[in-house]
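S.K.:
Protein chains: 2
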Amino acid sequence: MKSVTIADVAKHSKVSKSTVSQYLNQRYEYMGEETKARIQDAIKQLGYRPNIVARSLKQKSTTTIGVIVANILHAFSTQVIRAIEDVCHDYDFHTIVCNADDDPEKEKKYIEMLHAKQVDGIILFPTGGNIELLRTMKDNHFPLVLMDRLIDNVELPSVLLDNEKASSLAVEHFVEKGYSRLGIMTTSIIPNVTPRIKRVEGFKKTLKQLNLPVNDNYIKSLDLKHFEQALEDMLSLEEPPEAILAGNDLALMEMLTFIKKKKLRIPEDVALIGIDEVSFASFYNPSLTTVAQPAFKMGKKAAELLLNKIQKKDKDEPGKIYEFQPKLIERESC
Amino acid sequence: MKSVTIADVAKHSKVSKSTVSQYLNQRYEYMGEETKARIQDAIKQLGYRPNIVARSLKQKSTTTIGVIVANILHAFSTQVIRAIEDVCHDYDFHTIVCNADDDPEKEKKYIEMLHAKQVDGIILFPTGGNIELLRTMKDNHFPLVLMDRLIDNVELPSVLLDNEKASSLAVEHFVEKGYSRLGIMTTSIIPNVTPRIKRVEGFKKTLKQLNLPVNDNYIKSLDLKHFEQALEDMLSLEEPPEAILAGNDLALMEMLTFIKKKKLRIPEDVALIGIDEVSFASFYNPSLTTVAQPAFKMGKKAAELLLNKIQKKDKDEPGKIYEFQPKLIERESC
DNA sequence: TTGTATGCGTTATCAG
DNA sequence: CTGATAACGCATACAA
Chain A
1 MKSVTIADVA KHSKVSKSTV SQYLNQRYEY MGEETKARIQ DAIKQLGYRP
51 NIVARSLKQK STTTIGVIVA NILHAFSTQV IRAIEDVCHD YDFHTIVCNA
101 DDDPEKEKKY IEMLHAKQVD GIILFPTGGN IELLRTMKDN HFPLVLMDRL
151 IDNVELPSVL LDNEKASSLA VEHFVEKGYS RLGIMTTSII PNVTPRIKRV
201 EGFKKTLKQL NLPVNDNYIK SLDLKHFEQA LEDMLSLEEP PEAILAGNDL
251 ALMEMLTFIK KKKLRIPEDV ALIGIDEVSF ASFYNPSLTT VAQPAFKMGK
301 KAAELLLNKI QKKDKDEPGK IYEFQPKLIE RESC
Chain B
1 MKSVTIADVA KHSKVSKSTV SQYLNQRYEY MGEETKARIQ DAIKQLGYRP
51 NIVARSLKQK STTTIGVIVA NILHAFSTQV IRAIEDVCHD YDFHTIVCNA
101 DDDPEKEKKY IEMLHAKQVD GIILFPTGGN IELLRTMKDN HFPLVLMDRL
151 IDNVELPSVL LDNEKASSLA VEHFVEKGYS RLGIMTTSII PNVTPRIKRV
201 EGFKKTLKQL NLPVNDNYIK SLDLKHFEQA LEDMLSLEEP PEAILAGNDL
251 ALMEMLTFIK KKKLRIPEDV ALIGIDEVSF ASFYNPSLTT VAQPAFKMGK
301 KAAELLLNKI QKKDKDEPGK IYEFQPKLIE RESC
C-alpha cells in the first residue's frame, strides 16, 4: 500500500499542508474558491484518504468505543451489541466488541487493551471481578457505562433489567394458568452477577406474596452441564414441579433438550417460561412463552449515556441506575 | 484521563526515552540489570500503558484486521466471526467487525473506513458490488481474503463452501428416504451471490443425475417476506412437493413459521432439510436434519490466510480457492 | 550500554 | 486568506 498523505495533496495542489487540513475540516469560510477546487481535484486524483491513526494521535480521540460482554453466547448480548452499533453509527463512532467469556482475567486484559488502543469509552457487561480496576477508571474519569449487572459501591451509570419483575411476571402467569408447584433453574450463582440472584429472589418473593410454598427442591442454580441430572432429579420427586422458569436463554435450551430426550410434553408434563427472547420462540412446537428484555432499548440507552459522557453533554449523575421493564409474551408453553 | 507517556517513565527512572522504548520492546540484551529494574518500577508506579495509536502511526501497522460480513443475521456469519477472533487472539491481533447489511454502498463505506483506520487487512463476505474497488485494492497489494462468496475475475484468495455438494447431499438424502418430488427455497438470487446460485444449480444437477424430474414450480428464490405466499402456492399445487430444502438458516426459520401456522406435520406432510446448522436443530420438534458448514474451520482458514499475507509468510498463490466440504447431520425432519 | 535526533501524518497556533 | 512550525507519543538509526 503506497499511502498518499496530506503533504502529497498539498504539493499537487500547490498549497501548504495547513490549507489542505483546513479544507478537510470544513473550515473553508475564508478560503478562495479556486484553492478549494484545486484541493478537491488533487484529493480525487490522488485518491487521498485521511489517516485516522495520525488524526487520533493528535486529537486524543479515536471516535471508537469498546464493548466488553461477559458472555457473547447469550442472545441478549448480541441484541444489545446490535443496538449499540446502531447508535454509534449515527454519531460516527466505531465499536470494538470483546467477549470476556465470563472470565475476570480476560475482562481485565480487554479493558487494558482497549485503554491502550485509546478508545474514548467502554460499555461493560461486568463479570463481577476487577472491581478495584473499575473504581480506578472511574476515579480517572474514564467514560464507562455498566450493562446488565450491577456492581455495588462503584458509582457508575448502569443499564439494567428489573430482574425481580421478570421473575414475578413469570410466576404470576404460571399461577394464572393454574400451576402452583413452581420451579426455577438458572446458571450458577456467582457473586456480583446480579441478574441470576435477583431472578431467584424475585421468584421466591412473588411466591410468598401469593401465599404459595417455596420449595427449595424446585430451585436450582448450577452449571449448564449439570442441568440434565438436576432436571432428572427434580422431575423424579414424589411431587415434581408442574412448571419451571428458565433463568436465561441458555438454561432454556438445555431444558428443552432434556424434555425432548425424555419425551415429555409441554405444558402437560411440565409448563415452561423462559426469561430472554429466543429466535425460535414463536415457531417452536409448542411455541414458547417468554419474558423478553427490551434489549434494543437498553443497548441504545447505554450507548447514548456513554457518548454523552464522552462529549461531556451529560448532567453527570454518577451511579444513576436506568432500570428497564421486562415484558411477558404469552405463547403455548404456558 | 491524565495520560502518562514514555517520557514520564524516562524522567522518573532517570534514563532516556529510547532506553525505555528498548525495554518495552524486550530488547534488554545489553541493558543493565539495575536500569531494567528502575524502569520496571517507574512503569508500575506511574501506571504507564503504551499508547497503541502512537505506536501504530510509527510502525504503520495497527495489528488490527477488519471483517465485513454481508449479513450478520446469518448464524454462519457469527460462527465464522467467532473463529476469526480466536485465531487473531492467538496472533495478538484485534478485530473490527462490520455488517454491510447486504448493501454494496454500506460495504463500500466500511471498506473505506477500515482503510482510513489503517487496518492491516480485511476479510470480506462480499455483497457482490464494488468489484472495481476490490480490484484496485488487490492491485495495491492490500491484504484481502474473500469469504463465502466467489467474485469472478478478481484473483483473491477465497474461502468457500462446496455449495453444490451441500445441495446434492440433501437431495441424495431425500431420495434415500423415499421422497421424489423435491423442492428448494432460497432467498433472492442476486448476481455474484454465488452460494444461492450454486445451491440451486447443485439441486437441479443432482436431480438430473438421479433421473428425477426438475419441476420449476418447486424451485423458488425470493425475498423472505414472500416466502409465506410462495409456500402457500407451492403446497396448494395438485402435486405438491413432498420434501423441501431450505437454502439457508433464515429460509428455514421462515418455512418453520409457515408450517407451524398451517399445522402441517414434519416430515409426514412435508419433509425438511436445512442448509446451515441452527442452534435449535437438535431439540426442535421434530429435530431438524441439516447440512452443516464447517464454519469454524472456514473462519480459521480465512484468518490464517490473511495473517500470513500480512506477515508476508504466504507463498502468494493469488486467487486460490479453498473449498470446504459440508456435512449432513441426520435428524428427524427427514 | 544509553542518549540524541528525526519522522510517522495530522492538527493547531500564530504570523504574514 | 494562506503558510511555516510545533506538537501528539512512540520507535529507530546513529552517536557517544
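Those protein sequences? They're chains A and B, same order as listed.
Its first residue numbered 1, the first sequence is counted upward by one per residue in full-length UniProt numbering.
Its first residue numbered 1, the second sequence is counted upward by one per residue in full-length UniProt numbering.
Beta carbons: idealized from backbone N, C-alpha and C, even for Gly.
1) Whose C-alpha, out of Gln293(A), Lys312(A), Asp314(A), is nearest the C-alpha of Ser77(A)?
2) Taking Asp86(A) as the reference, which of Leu133(A), Met298(A), Ser61(A) has the closest Cα?
3) For Thr257(B), go through chain A and note every residue whose CB falls closer than 9 Å to its CB, in chain order.
4) Could you tell me whether the region 60–67 of chain A touches the region 86–104 of chain A, where touching means 3 or more Cβ pairs closer than 8 Å?
5) I want to see whether chain A comes within less than 7 Å of Ser154(B), judged by CB atoms only; does it?
6) Looking at C-alpha atoms only, which residue of Gln79(B), Thr206(B), Ala281(B), Leu288(B) is the closest neighbour of Ser180(B)?
7) Classify Gly128(B) as helix, strand or coil using the three-state DSSP reduction.
8) Taking its Cβ as the centre, do 16 or more other Cβ atoms sit within 10 Å of Ile275(A), making it buried, or is it exposed?
9) Can you tell me which of the three DSSP states Leu134(B) falls into?
10) In angstroms with no decimal places, state the Cα-to-Cα distance between Gly32(A) and Glu317(A).
11) Does Leu114(B) come within less than 7 Å of chain A when only Cβ atoms are used?
12) Quick one, which of Glu304(A), Arg135(A), Phe125(A), His12(A) has its alpha-carbon nearest Met147(A)'s?
13) When DSSP builds the beta bridges, which residues end up paired with Ser158(B)?
14) To the nearest angstrom, report how far apart Ala302(B) and Lys309(B) are at their CA atoms.
15) What residues in the region 98–131 of chain A have a beta carbon less than 9 Å from any beta carbon of chain B?
16) Quick one: using the 10 Å Cβ neighbour count with 16 as the cut-off for buried, is Thr136(A) buried or exposed?
17) Can you say whether Glu239(B) is buried or exposed, counting buried as having 16 or more other CB atoms within 10 angstroms of its CB?
18) Measuring CB to CB, does Glu268(A) end up less than 7 Å from Phe227(A)?
19) Does any C-beta atom of chain B lie closer than 7 Å to the C-beta of Ile52(A)?
20) In the DSSP assignment, the alpha helix (DSSP H) including Leu252(A) goes from what residue to what residue?
21) According to DSSP, is Val53(B) helix, strand or coil?
22) Taking its Cβ as the centre, do 16 or more other Cβ atoms sit within 10 Å of Pro241(B), making it buried, or is it exposed?
23) Please look up how many angstroms separate the CB atoms of Lys106(B) and Gln325(B), rounded, as I've assumed it's under 8 Å.
24) So, with DSSP's three-state summary, where would you put Ala271(A)?
25) How would you list, in chain order, the residues of chain A whose beta-carbon sits under 7 Å from the beta-carbon of Arg135(B)?
26) Put Ser77(B) into one of helix, strand or coil per three-state DSSP.
27) Mind listing the chain B neighbours of Lys260(A)? Cutoff is C-beta to C-beta under 7 Å, in chain order.
28) Just to confirm my understanding: we take Asp252(A), look at its own chain, exclude 5 residues before and 5 after, and list those with CB closer than 6 Å. What are they?
29) I think Lys108(A) touches Leu133(A), with their Cβ atoms under 8 Å apart; what is that distance to the nearest whole Å?
30) So what does Met185(B) bridge to, in DSSP terms?
31) Identify whether Gly47(B) lies in helix, strand or coil by the three-state DSSP scheme.
32) Please report how far the alpha carbon of Ser167(B) lies from the alpha carbon of Val159(B), in whole angstroms.
33) Going by Cα to Cα distance, which pick from Val193(B), Asn215(B), Ile219(B), Pro191(B) is closest to Val200(B)?
34) Helix, strand or coil for His12(A)? Go by DSSP, reduced to three states.
35) Drop a sphere of 10 angstroms on the beta-carbon of Ala37(A), count the other beta-carbons inside from all chains shown, and report buried for 16 or more, exposed for fewer.
36) Would you mind working out which of Leu224(A), Leu150(A), Leu161(A) sits nearest Met296(A), comparing C-alpha positions?
M.R.: Concretely, from the data shown:
1) Gln293(A)
2) Met298(A)
3) Ser282, Phe283
4) yes
5) The question names Ser, yet the displayed sequence has Val at residue 154(B). No, Val154(B) does not count as interfacial toward chain A.
6) Thr206(B)
7) coil
8) buried
9) helix
10) 47 Å
11) no
12) Phe125(A)
13) Leu146(B), Ile321(B)
14) 11 Å
15) Cys98, Asn99, Glu112, Met113, His115, Ala116, Lys117, Gln118
16) exposed
17) exposed
18) no
19) yes
20) 249–261
21) helix
22) buried
23) Not quite, the Cβ-Cβ distance comes to about 32 Å (not below 8 Å), so this is no contact.
24) strand
25) Correct list: empty, because the minimum Cβ distance to chain A is about 14 Å.
26) helix
27) Phe283, Asn285
28) A small correction: the amino acid at residue 252(A) is Leu; Asp does not occupy that position in the sequence shown. If we look at Leu252(A) and ignore the five residues flanking it on each side, its Cβ neighbours are Ala246, Gly274.
29) 6 Å
30) Lys220(B), Ala246(B)
31) coil
32) 18 Å
33) Ile219(B)
34) helix
35) exposed
36) According to the sequence shown, residue 296(A) is Phe rather than Met. Ranking Leu224(A), Leu150(A), Leu161(A) by Cα distance to Phe296(A) puts Leu161(A) first.
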